[in-house]
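Protein chains: 2
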Amino acid sequence: MSDALPPGSAIGILGGGQLGRMLALAAARLGLKVHIYEPAAAPAGDVAWRLTTASYDDEAALRAFAESVDVVTFEFENVPAAALDLIESLRPIRPNRRALATSQDRLSEKEFLQGIGLTVAPFAPVSSRHGLDAALATVGAPAILKTRRLGYDGKGQARLASAADADAAWQAMAGADAILEGFVEFTTEVSVIAARGIDGAVAAYDPGENVHEDGILRTTTVPATLSLSLAADAVLLAGRILNALDYVGVLGVELFVTPRGLVVNEIAPRVHNSGHWTQTGCIIDQFEQHIRAVAGWPLGDGSRHSDVVMENLIGEDMARVPPLAASGAALHLYGKAEVRPGRKTGHVNRITGPAR
Amino acid sequence: MSDALPPGSAIGILGGGQLGRMLALAAARLGLKVHIYEPAAAPAGDVAWRLTTASYDDEAALRAFAESVDVVTFEFENVPAAALDLIESLRPIRPNRRALATSQDRLSEKEFLQGIGLTVAPFAPVSSRHGLDAALATVGAPAILKTRRLGYDGKGQARLASAADADAAWQAMAGADAILEGFVEFTTEVSVIAARGIDGAVAAYDPGENVHEDGILRTTTVPATLSLSLAADAVLLAGRILNALDYVGVLGVELFVTPRGLVVNEIAPRVHNSGHWTQTGCIIDQFEQHIRAVAGWPLGDGSRHSDVVMENLIGEDMARVPPLAASGAALHLYGKAEVRPGRKTGHVNRITGPAR
Numbered sequence: 001m002s003d004a005l006p007p008g009s010a011i012g013i014l015g016g017g018q019l020g021r022m023l024a025l026a027a028a029r030l031g032l033k034v035h036i037y038e039p040a041a042a043p044a045g046d047v048a049w050r051l052t053t054a055s056y057d058d059e060a061a062l063r064a065f066a067e068s069v070d071v072v073t074f075e076f077e078n079v080p081a082a083a084l085d086l087i088e089s090l091r092p093i094r095p096n097r098r099a100l101a102t103s104q105d106r107l108s109e110k111e112f113l114q115g116i117g118l119t120v121a122p123f124a125p126v127s128s129r130h131g132l133d134a135a136l137a138t139v140g141a142p143a144i145l146k147t148r149r150l151g152y153d154g155k156g157q158a159r160l161a162s163a164a165d166a167d168a169a170w171q172a173m174a175g176a177d178a179i180l181e182g183f184v185e186f187t188t189e190v191s192v193i194a195a196r197g198i199d200g201a202v203a204a205y206d207p208g209e210n211v212h213e214d215g216i217l218r219t220t221t222v223p224a225t226l227s228l229s230l231a232a233d234a235v236l237l238a239g240r241i242l243n244a245l246d247y248v249g250v251l252g253v254e255l256f257v258t259p260r261g262l263v264v265n266e267i268a269p270r271v272h273n274s275g276h277w278t279q280t281g282c283i284i285d286q287f288e289q290h291i292r293a294v295a296g297w298p299l300g301d302g303s304r305h306s307d308v309v310m311e312n313l314i315g316e317d318m319a320r321v322p323p324l325a326a327s328g329a330a331l332h333l334y335g336k337a338e339v340r341p342g343r344k345t346g347h348v349n350r351i352t353g354p355a356r
Numbered sequence: 357m358s359d360a361l362p363p364g365s366a367i368g369i370l371g372g373g374q375l376g377r378m379l380a381l382a383a384a385r386l387g388l389k390v391h392i393y394e395p396a397a398a399p400a401g402d403v404a405w406r407l408t409t410a411s412y413d414d415e416a417a418l419r420a421f422a423e424s425v426d427v428v429t430f431e432f433e434n435v436p437a438a439a440l441d442l443i444e445s446l447r448p449i450r451p452n453r454r455a456l457a458t459s460q461d462r463l464s465e466k467e468f469l470q471g472i473g474l475t476v477a478p479f480a481p482v483s484s485r486h487g488l489d490a491a492l493a494t495v496g497a498p499a500i501l502k503t504r505r506l507g508y509d510g511k512g513q514a515r516l517a518s519a520a521d522a523d524a525a526w527q528a529m530a531g532a533d534a535i536l537e538g539f540v541e542f543t544t545e546v547s548v549i550a551a552r553g554i555d556g557a558v559a560a561y562d563p564g565e566n567v568h569e570d571g572i573l574r575t576t577t578v579p580a581t582l583s584l585s586l587a588a589d590a591v592l593l594a595g596r597i598l599n600a601l602d603y604v605g606v607l608g609v610e611l612f613v614t615p616r617g618l619v620v621n622e623i624a625p626r627v628h629n630s631g632h633w634t635q636t637g638c639i640i641d642q643f644e645q646h647i648r649a650v651a652g653w654p655l656g657d658g659s660r661h662s663d664v665v666m667e668n669l670i671g672e673d674m675a676r677v678p679p680l681a682a683s684g685a686a687l688h689l690y691g692k693a694e695v696r697p698g699r700k701t702g703h704v705n706r707i708t709g710p711a712r
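Chains as they are written, first to last, in the working numbering: chain A, 1 to 356; chain B, 357 to 712.
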């Protein structure tokens, strides 16, 4: 642990949502302090050593934040580059800027993944209405047009059943650079949550099987319905991504399972919703694994002791809290003051048996 | 959950040590806020919504603290009665004052336990040097003289090998009222961590087997070496204590295992060091169970999925953190700024297999 931050050190986290909150709880278990930086309301602030409420262009606040901590990480990918430049001049950012830049741009991400030999959906860049026609000629229809940056949970996306939808789809991009992606015929969607330590060690959790509703993750089930060889492929390709990016921390990889093997849907350079089951199924969860990595500690044992189903609580699901609290499941609530449709407010982990 | 505090409610905790810290982490998982009240340095403050640093005789601070929360609990038993009176005039205190008063005084505790039909070590009150002679005549030697109040981890205690040690033992009490306890011949020491909800429901964790060194808990192992009938007795007597005290929250019961059955050593009206293994061995740990109870929520599922050994880190054990971090165990550090001999600074939970 020669590179390790000693207990009592402080970790800065950009973003103060539920992922930051659960990272803060994990850091606390290890005797580390957390400083949250968040322009908006920050559920993570209630469990953090310090909270800075300031915009990402407030240089004085960014400087004071960086100087108060030993290392900086993030739970939110869309921090402006100028803010990161300032922080990086003062403290290390883990995972590194390249990992962040790669995943911030859907086009760069696809090109990177293809470049290291992984399979992705057919894609083509689109930066004009005319370009969309050209892209459709390459990719075919049906397809999905997505902004290159800033999209999540189905926002900034438009489906094209045929070329007739091109006008509406292009308008939905509001002039932003976009990428057209072909559909992939898949049987299931799985994800791998993997971590890489500062020493290059890699650890991956068992793949989980995801079910989405309205573009939002609904459940993750471990173990996934997956052959042993595909499960091994999933873990190996996550390791390839981590190594290629010289990554430090936890990364989420979403995969389509197809008759011709695994297709990488997208990567997230952070702890991931589809890894929340690790809180109940493993000795060391994804949040602690990420904190260990960014603090320069050895990765922990992420082996799975139980089968788990994780279910997200979204919007009006908060009304189900009383019965869920009585159900014997592990309930996690994020302390969000406001409930809105489509907003994740918690999740539930149910153990379904000892690990198969 | 008609009596339940809704998510977003605030729980006040008297005491800001590691127990308060781990209670705060558990409350955060349930979307509840925590306000810590602590006169000294407070490791729990780093993970709390609010921290009040004030003495227990600061009426304005106590009032503001109580008014900021919905319910008050404690991780530290020796809060002055006047402070509790003030708080109780403003907010409910859970567990109740009677439970606290009973366990704050070793004599009341023994009399209470005996009164509900449980077996305790032979004892006699001592409030003078002369009274010690009388107590020795009843209890016999060897014996141990303890202050009635404020003792923990072997402090405020003096052993008497024979009546010849009476002068020194009495002097060690520094004039405080005391209790003389006879030794109990026991094979092992176990403890039961049990909880009672606001609805009267009782849940107990499996008994753990404790090993002490120099009067401080060193390890707790689950399952304990205990016959099934004694394990059932342990759980039943914990339930009897909880019901007799109309208790709400988690209680620790330390028991001696003797050839003639279980002898109650002492009770602690709070989460307990010998219950830290539940963080790694159960879906719902003792900290969340306590928070659920004091918040009026249903108790959670405390069933054990794994065998665990919990080891305390004490004083210079902090030097072992680097190898422990790499050992595959679950490490818990308390964020204490200062390491002192005999001071608990963390613990390690090792899974030794699926639950037997």
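For glycine and all other residues, C-beta sits at the position ideal for the given N, C-alpha and C.
(message) So with CB distances below 7 Å, who are the chain B contacts of A:Tyr334?
(response) Residue 334 of chain A sits at position 334 when you count from the first residue of the first sequence. Taking a Cβ-Cβ cut-off of 7 Å, the neighbours of A:Tyr334 in chain B comprise Gly387, given in sequence order.
(message) To be precise: take each residue of the region 277–296 of chain A, compare its Cβ to all Cβ atoms of chain B, and keep it if any distance is under 8 Å. Which residues remain?
(response) Cβ contacts with chain B: Thr280, Ile283, Ile284, Arg292.
(message) Please tell me whether A:Leu19 and A:Val271 are closer than 8 Å, where the distance is taken between their beta carbons.
(response) Mapped onto the first sequence, residue 19 of chain A falls at position 19. Mapped onto the first sequence, residue 271 of chain A falls at position 271. Result yes, Cβ atoms of A:Leu19 and A:Val271 sit closer than 8 Å.
(message) Restricting to Cα atoms, I'd like to know which of B:Leu669, B:His661, B:His688, B:Leu582 is closest to B:Thr708.
(response) For the purposes of this step, residue 708 of chain B is identified with residue 352 of the second sequence, where counting begins at 1. Ranking B:Leu669, B:His661, B:His688, B:Leu582 by CA distance to the CA of B:Thr708 puts B:His661 first.
(message) Does the region 550–563 of chain B come into contact with the region 518–531 of chain B, if we say contact requires no fewer than three beta-carbon pairs (one atom in each stretch) closer than 8 Å?
(response) The region 550–563 of chain B, when compared against the region 518–531 of chain B, does not touch it at the 8 Å Cβ threshold.
(request) Could you name the residues of chain B that A:His305 contacts, counting a contact when the two beta carbons are closer than 8 Å? (result) As a working mapping, residue 305 of chain A is identified with position 305 in the first sequence. Those within 8 Å of A:His305 in chain B are His661, Ser662, Ile707, Pro710.
(request) Check the Cβ-Cβ distances between A:Pro223 and every residue of chain B, and say whether any is below 8 Å. (result) Within the first sequence, numbered from 1, the residue matching residue 223 of chain A stands at position 223. Closer than 8 Å to the CB of A:Pro223 there is not a single CB belonging to chain B.
(message) Taking beta-carbon pairs under 9 Å, can you tell me which members of the region 675–686 of chain B lie near chain A?
(response) So the close ones are Val677, Pro678, Pro679, Ala681, Ala682, Ser683, Gly684, Ala685, Ala686.
(message) For chain A, check one thing: does any of its Cβ atoms lie closer than 8 Å to the Cβ of B:Trp405?
(response) As a first step, residue 405 of chain B must be located in the second sequence, where it is residue number 49. In terms of beta-carbon proximity, B:Trp405 lines the interface with chain A, with at least one pair separated by less than 8 Å.
(message) Below 9 Å on C-beta distance, what does B:Asp570 contact in chain A?
(response) Within the second sequence, residue 570 of chain B is the residue found at index 214, counting from 1. Correct list: empty, because the minimum Cβ distance to chain A is about 23 Å.
(message) Between the region 576–586 of chain B and the region 416–434 of chain B, can you find at least three pairs of beta-carbon atoms closer than 8 Å?
(response) The region 416–434 of chain B, when compared against the region 576–586 of chain B, does not touch it at the 8 Å Cβ threshold.
(message) Can you pull the chain A neighbours of B:Asp359, defined as C-beta to C-beta under 8 Å?
(response) Reading the second sequence from its first residue, position 3 is the one you call residue 359 of chain B. Result: empty, since nearest Cβ-Cβ is about 11 Å, beyond 8 Å.
(message) Is it buried or exposed, B:Val567, if we count other Cβ atoms within 10 angstroms and call 16 or more buried?
(response) Reading the second sequence from its first residue, position 211 is the one you call residue 567 of chain B. By the Cβ neighbour-count rule, B:Val567 is exposed, with fewer than 16 other Cβ atoms within 10 Å of its own.
(request) Pull up the distance between the alpha-carbon of B:Pro395 and that of B:Tyr412, whole angstroms please. (result) As a working mapping, residue 395 of chain B is identified with position 39 in the second sequence. As a working mapping, residue 412 of chain B is identified with position 56 in the second sequence. Their Cα atoms are separated by approximately 7 Å.
(request) Would you mind telling me which residues of chain A sit closer than 8 Å to B:Leu381, beta carbon to beta carbon, in chain order? (result) Within the second sequence, residue 381 of chain B is the residue found at index 25, counting from 1. Simply Leu25, Ala28, Arg29, Val47.
(message) Need the endpoints of the alpha helix (DSSP H) that B:Gly595 sits in, please.
(response) Taking the second sequence and counting its residues from 1, the one referred to as residue 595 of chain B is at position 239. Residues 584–600.
(request) Check the DSSP bridge columns for B:Met529 and list the partner residues they point to. (result) In the second sequence, the residue the question calls residue 529 of chain B occupies position 173. Assignment of beta-bridge partners to B:Met529 by DSSP yields no partner.
(request) Specify the secondary structure class of A:His332 as computed by DSSP and reduced to three states. (result) To locate residue 332 of chain A, count along the first sequence from 1; it is residue 332. Note: A:His332 maps to strand in three-state DSSP.
(message) Looking at B:Thr429: is its Cβ nearer than 8 Å to the Cβ of B:Ile369?
(response) For the purposes of this step, residue 429 of chain B is taken as the residue at position 73 of the second sequence. For the purposes of this step, residue 369 of chain B is taken as the residue at position 13 of the second sequence. Yes, these two residues count as a Cβ contact at 8 Å.
(message) List, in chain order, every chain B residue whose beta-carbon is nearer than 7 Å to that of A:Gly346.
(response) Residue 346 of chain A sits at position 346 when you count from the first residue of the first sequence. What A:Gly346 touches in chain B: Gly387.
(message) Residues in the same chain with beta-carbon distance under 8 Å from A:Val235, minus the five sequence neighbours each way, listed in chain order, please.
(response) Walking along the first sequence from the start, residue 235 of chain A turns up at place 235. Excluding positions up to five away in sequence, the list reads Val192, Ala194, Ala204, Pro207.
(message) Determine, for B:Gly631, whether the minimum Cβ-Cβ distance to residues of chain A falls below 8 Å.
(response) Taking the second sequence and counting its residues from 1, the one referred to as residue 631 of chain B is at position 275. Under the 8 Å criterion on CB atoms, B:Gly631 is classed as non-interfacial with respect to chain A.
(request) Decide if B:Asn599 is buried, meaning its Cβ has at least 16 other Cβ atoms within 10 Å, or exposed. (result) Reading the second sequence from its first residue, position 243 is the one you call residue 599 of chain B. Exposed: under 16 other Cβ atoms inside 10 Å.
(message) For A:Val321 and B:Arg515, I'd like the C-alpha separation in whole angstroms.
(response) Here residue 321 of chain A refers to the residue found at position 321 when the first sequence is read from its first residue. Here residue 515 of chain B refers to the residue found at position 159 when the second sequence is read from its first residue. So the alpha carbons of these two residues sit roughly 52 Å apart.
(message) With the cut-off set at 8 Å, would you say B:Glu667 and B:Val704 are in Cβ contact?
(response) Position 311 of the second sequence holds residue 667 of chain B. Position 348 of the second sequence holds residue 704 of chain B. Yes.
(message) So if DSSP puts B:Arg660 in a beta bridge, which residue, or which two residues, is it bridged to?
(response) By 1-based counting over the second sequence, the position of residue 660 of chain B is 304. In the DSSP output, where bridge partners are listed per residue, B:Arg660 has B:Cys638.
(request) Give a yes or no on whether 8 Å exceeds the smallest Cβ distance from A:Arg21 to chain B. (result) Locating residue 21 of chain A in the first sequence gives position 21, counting from the first residue. With 8 Å as the cut-off, A:Arg21 counts as an interface residue toward chain B.
(request) Out of A:Val308, A:Lys110, A:Ile267, A:Leu32, state which residue places its alpha-carbon closest to the alpha-carbon of B:Ile639. (result) The count along the second sequence starts at 1 and reaches residue 639 of chain B at position 283. Nearest option by C-alpha distance: A:Val308.
(request) Scan the region 535–563 of chain B for residues whose Cβ lies nearer than 7 Å to a Cβ of chain A and list them as they occur along the chain. (result) Residues are counted here when their Cβ sits less than 7 Å from a Cβ of chain A; for the region 535–563 of chain B the count is zero.
(message) Below 8 Å, how does it come out for the region 179–193 of chain A and the region 248–262 of chain A: are there three or more Cβ pairs, yes or no?
(response) Yes, they touch.
(message) According to DSSP, A:Ile349 sits in a beta bridge with which residue or residues?
(response) Your numbering for residue 349 of chain A matches position 349 in the first sequence. Inspection of the sequence shows that residue 349 of chain A is occupied by Asn rather than by Ile. A:Met310, A:Ala330.
(message) Residues of chain A with CB closer than 8 Å to the CB of B:Gly364, please, in chain order.
(response) Position 8 of the second sequence, counted from the start, is the residue given in the question as residue 364 of chain B. Using a Cβ-Cβ cut-off of 8 Å, B:Gly364 is close to Gly335, Ala337 of chain A, given in chain order.
(message) Looking at A:Asp3: is its Cβ nearer than 8 Å to the Cβ of A:Gly335?
(response) Looking up residue 3 of chain A in the first sequence gives position 3. Looking up residue 335 of chain A in the first sequence gives position 335. Between A:Asp3 and A:Gly335, the gap from beta carbon to beta carbon reaches 8 Å or more.
(message) Does the structure place the region 131–138 of chain A close enough to the region 87–102 of chain A that three or more beta carbon pairs sit under 8 Å?
(response) Result no; under three Cβ-Cβ pairs closer than 8 Å.
(message) With a threshold of 8 Å between beta-carbons, can B:Pro654 be considered close to chain A, or not?
(response) Working through the second sequence from its first residue, we reach residue 654 of chain B at position 298. A Cβ of chain A is located within less than 8 Å of the beta carbon of B:Pro654.
(message) Quick check on DSSP: helix, strand or coil for B:Thr458?
(response) For the purposes of this step, residue 458 of chain B is taken as the residue at position 102 of the second sequence. Reduced to three states, the DSSP call for B:Thr458 is helix.
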